[in-house]
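Asker: Take a look at the following structure, please.
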Amino acid sequence: MMDNTGKGITSEMKIPWHNRILTRTLCMVLATGLLPLLLLGGIAIYFIDQDAKQKSEATLLVSAENLARQIERYFAEQSGNIKFLAGNFDRKDLNDKDNIRLLSAFTATHPDMNTLALVNKTGQHLFLYSRHEMLKKSDPIFDVQPLSDPDTREISWYGTSYNAFGESVVTGSIPILAPWENVAAGALLFTIRPQKLHEMLEKIDIGNAGEAFIVDEADRLVIHSNPRTLKSGHDMSLQHEIEMLHDKTADDLKPRLSRHQGVAGKKKISAHKKISTIPWGVVVEWSESEVYDVRNRLLRLTSGAFLMVLLVVTPLAVWFTFRLTTPLAKLVNATKELALGNLSARIDVSTADEIGLLACTFNDMAELRQKSEDDLVKEREKLSVTLRSIGDGVIATDINGRVVLVNKIAETLTGWSQKEAVGKLLGEVFNIINGKTRKPCTTPVEKVISSGGIIGLANHTALIARDGM
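Numbering (this note's numbering), first residue to last: 136 to 604.
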């Protein structure tokens, strides 16, 4: 394309970077490929995060539920055994010496039983049997206060204490009925070694910084996964968990989750469950970082895999973009070269697609144009030879009135050589005037171009040579 000065416009066109095919194609590939991938990856990570979080919390709740059920079964069994033993003393003489044999036999057949004692309604110990040969006055069995209300006929549990031998024991009592009367004649006191409770806690997965424990209705620690915490009797750092167990709005049948901050500022998650057979509760507590450790590992794995996909897909997208746009860039450059007059410009594209077909078409077009130009040059040379050999003066111009050829006769008549005249306006070389008036005449070029016919010179027209003659 040419402007009105004859200068090529196409050769000077500058395409902004954001309008280039490469930029737009790359943006299209990213928008249609990577962005949906990013979106899907984000959605996948979100749902994986939520699923892992729910599973971790569900595991914690199940741990508390299972622990509570094990404890319920254990104490249901112990309660049944103790009630059976207490029934042997109902309405009998508590001072009967045969009672010690019953206590000894029961202890022998029940390994969890540590100490048994029969007391009268004043609290006086009548018979006492222990796995240890001797008991000190500091033994928890001497601190148990029996209930005097026989209507309950329920076991009273008093939590955990340490006996004189450093063993932790769970203490309790059950009323004994008096002979011929429905009143309490005394009570059966007992201490149980909570070895099985410890074993239950040891099987609970609490991670590296978690805790599992049991508290009674008086907020005393019964069993704790950390023996040192149990010896303290009441750990203020566990106050939050204990308060959650006493929440009146909670469903006693379902375990619940709560979140709080520990003594060292560490975030913790606790599962709370009340025990139905005794007025105790269980708490399983994990460090929040450990609860979500599986989730975090899964997220890191997913994010890493997603990043690897991006690292693979992004170079492929860029390669695909360059693969698509490079032939187009070659086509643009070849077109500009052709517009600048380089008729030998060709596109080296061998792809078997639409772009390859376009490149072949361009090459064919350039080939035809070059052939046409070559043929035109040959014809021009023939015409030049013919014109220059004519016996009359001949001056040829282009459509703009600029000289392109002057034959020998015309060179002599005008005083302008072929080399000097080419490119000048016809009026400068072919200077004609009216012979009578000596006024300049209009050159016939414009009339010839506009009319398309043969225009003759007016009478009395004279040619003024370059030297003015």
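We treat Cβ as the ideally placed atom computed from N, Cα and C, and that holds for glycine.
Please report how far the alpha carbon of THR384 lies from the alpha carbon of LEU173, in whole angstroms.
Answerer: With a pLDDT of only 48 at THR384, under the threshold of 50, the placement of this residue in the model should not be trusted; the figure read from the coordinates follows. Answer to the nearest angstrom: the Cα atoms are 44 Å apart.
Asker: Give the straight-line distance between the Cα atoms of LYS571 and VAL529, rounded to the nearest whole angstrom.
Answerer: 25 Å
Asker: Might you give, ordered along the chain, the residues of its own chain that have their beta carbon closer than 7 Å to the beta carbon of ILE589, omitting 5 neighbours on each side?
Answerer: none
Asker: Out of GLY176, ASN566, GLY587, which has the shortest C-alpha to C-alpha gap to THR596?
Answerer: ASN566
Asker: Tell whether a beta-carbon distance below 7 Å holds between ILE309 and ILE217.
Answerer: yes
Asker: If you follow the alpha helix (DSSP H) that THR578 is in, where does it begin and where does it stop?
Answerer: No alpha helix (DSSP H) holds THR578; DSSP gives it neither H nor E.
Asker: Could you check what DSSP says for PHE224 in three-state terms: helix, strand or coil?
Answerer: Correct three-state label for PHE224: coil.
Asker: Report yes or no: do three or more beta-carbon pairs, one from the stretch 197-213 and one from the stretch 174-184, lie closer than 8 Å?
Answerer: no
Asker: Using DSSP bridges, identify the partner residues of GLN396.
Answerer: Per DSSP, LYS402.
Asker: If GLY536 sits next to LEU561, beta carbons under 8 Å apart, how far is it from one beta carbon to the other, in whole angstroms?
Answerer: 5 Å
Asker: What runs of the alpha helix (DSSP H), each 4 residues or longer, lie entirely inside the stretch 192-265?
Answerer: 233-244
Asker: Mind checking which residues open and close the alpha helix (DSSP H) that includes THR521?
Answerer: 489-524
Asker: Is the stretch 328-344 touching the stretch 237-254, taking contact as three or more C-beta pairs under 8 Å?
Answerer: Segments in contact, yes.
Asker: Roughly how many angstroms separate the alpha carbons of THR549 and ARG573, rounded to a whole number?
Answerer: 17 Å
Asker: Taking ALA211 and VAL417 to be in contact with their CB atoms under 8 Å, please state how far apart those CB atoms are, rounded to whole angstroms.
Answerer: Wrong, their Cβ atoms sit about 15 Å apart, outside the cutoff.
Asker: Where does the unbroken alpha helix (DSSP H) through THR549 begin, and where does it stop?
Answerer: Looking at the DSSP string, the run of the alpha helix (DSSP H) that includes THR549 is 543-549.
Asker: Pick helix, strand or coil for SER296, following the three-state DSSP scheme.
Answerer: Note: SER296 maps to strand in three-state DSSP.
Asker: Quick one: what does DSSP say ILE178 is sitting in, helix, strand or coil?
Answerer: helix
Asker: Please work out which residues of its chain come closer than 6 Å, Cβ to Cβ, to SER265, disregarding the five sequence neighbours upstream and downstream, and give them in chain order.
Answerer: So the qualifying residues of the chain are THR250.
Asker: State yes or no: is the C-beta of LEU473 within less than 7 Å of the C-beta of ALA501?
Answerer: By the CB criterion at 7 Å, LEU473 and ALA501 fall inside the cutoff.
Asker: Am I right that ARG394 and ILE404 are in contact with their C-beta atoms under 8 Å? What's the rounded C-beta distance?
Answerer: 5 Å
Asker: When DSSP labels each residue in this structure, what does THR449 get in the three-state scheme?
Answerer: helix
Asker: What does the alpha-carbon distance come out to for the pair ILE525 and ARG504?
Answerer: 31 Å
Asker: Put ASP138 into one of helix, strand or coil per three-state DSSP.
Answerer: Interpretation of ASP138 is limited by its pLDDT of 48, a score under 50 that renders its predicted location unreliable; no figure is taken from the coordinates.
Asker: In chain order, what residues of the same chain have a beta carbon less than 7 Å from the beta carbon of LYS408, not counting five sequence neighbours either side?
Answerer: ALA199, GLU200, ALA203, PRO390, GLY416, VAL417
Asker: Give me whichever residues DSSP pairs with ARG391 in a beta bridge.
Answerer: HIS407
Asker: Are there 16 or more other CB atoms within 10 angstroms of the CB of PRO462, so buried, or fewer, so exposed?
Answerer: buried
Asker: Exposed or buried, what is ASN477 when buried is set at 16 or more other beta-carbons lying within 10 Å of its beta-carbon?
Answerer: exposed
Asker: In three-state terms, what does DSSP make of ASN566?
Answerer: strand
Asker: Is the Cβ-Cβ distance between VAL564 and GLN553 less than 7 Å?
Answerer: no
Asker: Does LEU475 come out as helix, strand or coil in the three-state DSSP assignment?
Answerer: Of the three classes helix, strand and coil, the one that applies to LEU475 here is coil, per DSSP.
Asker: Where do the ends of the alpha helix (DSSP H) carrying ALA556 lie?
Answerer: 553-556
Asker: Does the beta-carbon of ASP370 have 16 or more other beta-carbons within 10 angstroms, so that it is buried, or is it exposed?
Answerer: Caution is warranted here: a pLDDT of 47 is assigned to ASP370, below 50, making its placement in the model unreliable, and the coordinate value is therefore given only provisionally. The residue in question, ASP370, is buried, as its Cβ has 16 or more Cβ neighbours within 10 Å.
Asker: Which one or two residues does DSSP pair with PHE325 in a beta bridge?
Answerer: Answer is LEU251, GLY307.
Asker: Only counting the same chain, and skipping five residues up and downstream in sequence, which positions put a Cβ closer than 6 Å to that of ALA531?
Answerer: VAL539, LEU540
Asker: To the nearest angstrom, report how far apart LEU356 and ALA440 are at their CA atoms.
Answerer: 47 Å
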